[in-house]
Structures are given as C-alpha cells and as structure tokens.
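FYI, in full-length UniProt numbering the residues of the sequence shown are 1 to 91.
We put the beta carbon where it would ideally sit given N, CA and C, even for glycine.
Note that the coordinates shown come from a computational prediction; the quantities given were computed from them, not determined experimentally.
This report refers to the structure that appears directly beneath it.
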Amino acid sequence: MIERTSNKVASDDLVSATNTTNVNIPQMADTLFERSTNASWVVVFKALATTHHICVHGNERFIQYLASRTSLFNLSNFIDKTGSHGKASEL
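Laid out in structure tokens, this is it:
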C-alpha cells in the first residue's frame with residue numbers, strides 16, 4: 001500500500017470539512033487568501049494548490065463563496081525573497 005503524504009491528508013481533511021455544516025467556509029477561504037500573501041513562493045503555491053483542490057473535490061458552497069467575492073487572489077505585489085542564489089525574483 002502506498003503511504004499518503006501529510007499534505008495530501010491535510011487537503012483531504014479540508015475537502016471533508018467543506019461537507020460539514022459546522023465549518024465556516026468564508027473563514028476557510030479567507031485563511032487561504034491570507035496565505036497567498038506570504039512572502040515565500042512555496043507558501044503561496046501551496047495555498048493556490050489547496051484552493052484548487054478544494055474547488056475540484058470540495059463542496060459547492062466553497063465555490064459559491066469564491067464566486068460571491070469581489071476579489072480573489074492579488075499576486076501583483078508578490079516578490080519571492082527566497083529566490084535561488086539569494087536574488088529576489090518576481091513571480
């Protein structure tokens with residue numbers, strides 16, 4: 001049997017959470033939006049990948065909430081300060 005990684009388990013837990021009635025979907029989405037403003041490109045990538053995973057596999061309430069927002073992800077000011085060779089690079 002193939003062992004699942006902790007990131008996959010966490011993503012599946014979030015997908016499962018979207019199907020419960022006691023989960024605050026706006027708070028879940030806002031947390032992912034907040035993570036997408038992190039200075040590390042790795043954190044931003046994981047936030048975007050997680051958002052995509054929840055959109056594809058999660059409850060439609062999540063997508064409906066995203067559709068109701070006036071703005072989603074603002075990555076225009078994103079600068080990776082941990083770029084290769086110590087140089088800052090823009091995404």
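Residue i, DSSP secondary structure in three states
i: K29; result: A small correction: the amino acid at residue 29 is Ala; Lys does not occupy that position in the sequence shown. Helix, per DSSP.
i: A39; result: coil
i: L75; result: coil
i: R69; result: coil
i: V9; result: helix
i: V23; result: coil
C-alpha distance - residue i paired with residue j, whole-angstrom precision
i: V15; j: V42; result: 21 Å
i: L58; j: N19; result: Per the sequence shown, residue 58 should be read as Gly rather than Leu. The straight-line gap from Cα to Cα measures roughly 7 Å.
i: N22; j: F45; result: 28 Å
i: V9; j: A49; result: 14 Å
i: F62; j: I54; result: 8 Å
Distance CB(residue i)-CB(residue j) smaller than 8 Å
i: F73; j: S36; result: yes
Residue i: CB within 7 Å of a non-hydrogen atom of the ligand NAD
i: T51; result: The model depicted lacks the ligand NAD and carries no ligand whatsoever.
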